[in-house]
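Structure first, then comments.
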C-alpha cells in the first residue's frame, strides 16, 4: 500500500509539473533528416525528462518560422525562444563572434576542435552575450563549405563573374569578392529554385547540406574548395535564460553541449563518405588548388574595419600548436 501511495504521489507530482510546463519554441533552417535536427530532438527530450516536465521544447525545422535572418531577429526580440544561429548574423551585434568563419583560418579539424572552450572562444562569446543579453549554449560544426556549379572550378579564375549564392554573411562576401564572383544573397529555402531557374550559377555549402537540400539535382559539379569551416551557435533569448533556475540552466547547458558534440561528430562522419556518394550520383567532384584561393583571401582577414583585432586572429591561429 505504501509503495502504491508513493507511486501515486510521484505521478501526481509529474502531472502537476507537466500542467505547468513552459513550452519553448526552437527554430532552425535544416531538414528533418539532418543531424542538427535529430540531435536537437534528443536534447529536447532529455531536458523534458530531467526537469520533470517543467520545460518542453518544440522544434521547428526547415525555416518554418522564417529565414535564418528572421529567426535571429526573433530571438533578439524574444518572439522566438531558441534556435541555431549563424555567427554571421550574430555579428551585427558583436562582430568578433563570426571570426571563426574567416576563410581558410583553420588548418584542420583538430585546429577547429581546439576552439570551443579556449580562452579566445570564452572571450568572444562573452562579448556577444554582454552585447545581446542572449545566452550561447554551444557551437556545432556545420561542415567545410564547398562550391557547387555547372562547370569545373580548378582555380580562383574559374569563379570570376560567377553568380554565387551566399547567405548574408560578410566573411562569405569576402571570399566571393576575393575570387571575383558576384555574391548573390538568397534565402536558404529558395536556393534550389534559384539554381534550377538560373537565377544564380552556383552555391556553396557543406556536403551534407548539399545532399539534404538536393542541390546536386540541379548542379553537375562540386569543387572541394573547403574555403570556410562553418559552425553555428545554439542561442537562447536572454529573458528566457534569466528566468530559469540555476539547476535548469545546468540541465540546458549539459543537454545542448552534448547535442552540439554529437551533431558535429555526425557531420564529420558524413563528410568522409559523401565525396564518393556524389560521384556515384554522376556529379563531377574536383579538388582545386586551395592554396591559390587562400592566398587571395588571407590578407583580407584584418583589412579595413572588420570588427576584430589582429591579436584575436593570432590567438585563433595559435590554437592547437
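Residue numbers (this note's numbering): 8 to 328.
Even for Gly, the Cβ is constructed at its ideal location relative to N, Cα and C.
Inter-residue spacing [alpha-carbon to alpha-carbon] between residue 169 and residue 157: So the alpha carbons of these two residues sit roughly 10 Å apart.
Beta carbon of residue 135 nearer than 9 Å to that of residue 112: At a Cβ-Cβ threshold of 9 Å, residue 135 and residue 112 do not count as neighbours.
Sequence ranges, alpha helix (DSSP H) only - wholly within the stretch 285-309, length at least 4: Unbroken alpha helix (DSSP H) runs of no fewer than 4 residues, entirely contained in the stretch 285-309, are found at 297-304, following chain order.
Straight-line gap, residue 121 to residue 326 (C-alpha atoms, nearest Å): Near 6 Å, if we compare the C-alpha coordinates of residue 326 and residue 121.
Cβ-Cβ distance between residue 151 and residue 236 below 9 Å: Yes. Within cutoff.
Cβ-Cβ separation, residue 109 to residue 171 (assumed contact under 8 Å), whole Å: Not confirmed; about 18 Å, so no contact.
Residue burial classification, residue 252 (beta-carbon count within 10 angstroms, cutoff 16): Exposed.
Proximity of residue 44 and residue 38 at Cβ, strictly below 9 Å: Closer than 9 Å, so yes.
Per-residue DSSP class, three states only, for residue 226: Residue state, collapsed to three classes: coil.
Boundaries (first-last residue) of the beta strand (DSSP E) holding residue 36: Looking at the DSSP string, residue 36 is not in any beta strand (DSSP E), and its letter there is neither H nor E.
Distance, residue 155 Cα to residue 100 Cα: Residue 100 and residue 155 have their C-alpha atoms spaced approximately 31 Å apart.
Secondary structure of residue 156, DSSP reduced to three states: The answer is strand: DSSP assigns residue 156 an E or B state.
Member of 57, 305, 143, 299 whose CA lies at the smallest distance from the CA of residue 129: Relative to the Cα of residue 129, the nearest Cα in the group 57, 305, 143, 299 belongs to 143.
Residues bridged to residue 170 [DSSP beta-bridge criterion]: Bridge partners of residue 170: 189.
CB of residue 131 within 9 Å of CB of residue 243, strictly: No, the pair does not count as a contact, with Cβ atoms beyond the cut-off.
With 16 other Cβ atoms within 10 Å as the buried cut-off, status of residue 338: Beyond the ends of the chain as shown, which are 8 and 328, falls residue 338; an answer cannot be given.
Cα-Cα separation, residue 49 to residue 233: Answer to the nearest angstrom: the Cα atoms are 30 Å apart.
Burial state of residue 27 (16 or more Cβ within 10 Å): Exposed, because fewer than 16 other Cβ atoms sit within 10 Å of the Cβ of residue 27.
Separation of residue 145 from residue 273, as counted between CA atoms: Each residue's alpha carbon lies about 16 Å from the other.
Proximity below 9 Å, CB of residue 96 to CB of residue 215: No, Cβ-Cβ distance for residue 96 and residue 215 is not below 9 Å.
Same chain only: Cβ atoms within 6 Å of residue 294, ignoring 5 sequence neighbours per side: The answer, listed in chain order, is 231.
Residue 134, DSSP secondary structure in three states: Helix, per DSSP.
Per-residue DSSP class, three states only, for residue 316: In the structure shown, residue 316 falls within a coil segment according to DSSP collapsed to helix, strand and coil.
Minimum length 4: unbroken alpha helix (DSSP H) runs contained in the stretch 81-127: Within the stretch 81-127, the complete alpha helix (DSSP H) runs of at least 4 residues fall at 94-97, 116-120.
Between the CA atoms of residue 164 and residue 186 - distance to the nearest angstrom: Each residue's Cα considered, the two are about 7 Å apart.
Backbone secondary structure at residue 265 - three-state DSSP: Residue state, collapsed to three classes: helix.
Paired residues, beta bridge with residue 67 - DSSP: For residue 67, which the question treats as bridged, DSSP gives the partners 34.
CA nearest to the CA of residue 224, picked from 210, 264, 203: Nearest neighbour of residue 224 by Cα position, chosen from 210, 264, 203, turns out to be 203.
Nearest residue (CA-CA) to residue 123, options 61, 286, 268, 78: Cα-wise, what sits closest to residue 123 is 268.
Nearest to residue 162 (by Cα), restricted to the options 149, 188, 66: Nearest to residue 162 by C-alpha distance, out of 149, 188, 66, is 188.
Same chain only: Cβ atoms within 8 Å of residue 296, ignoring 5 sequence neighbours per side: Closer than 8 Å at the Cβ level, and outside the excluded window around residue 296, lie 161, 162.
Buried or exposed (CB count within 10 angstroms, at least 16 for buried), residue 46: The residue in question, residue 46, is buried, as its Cβ has 16 or more Cβ neighbours within 10 Å.
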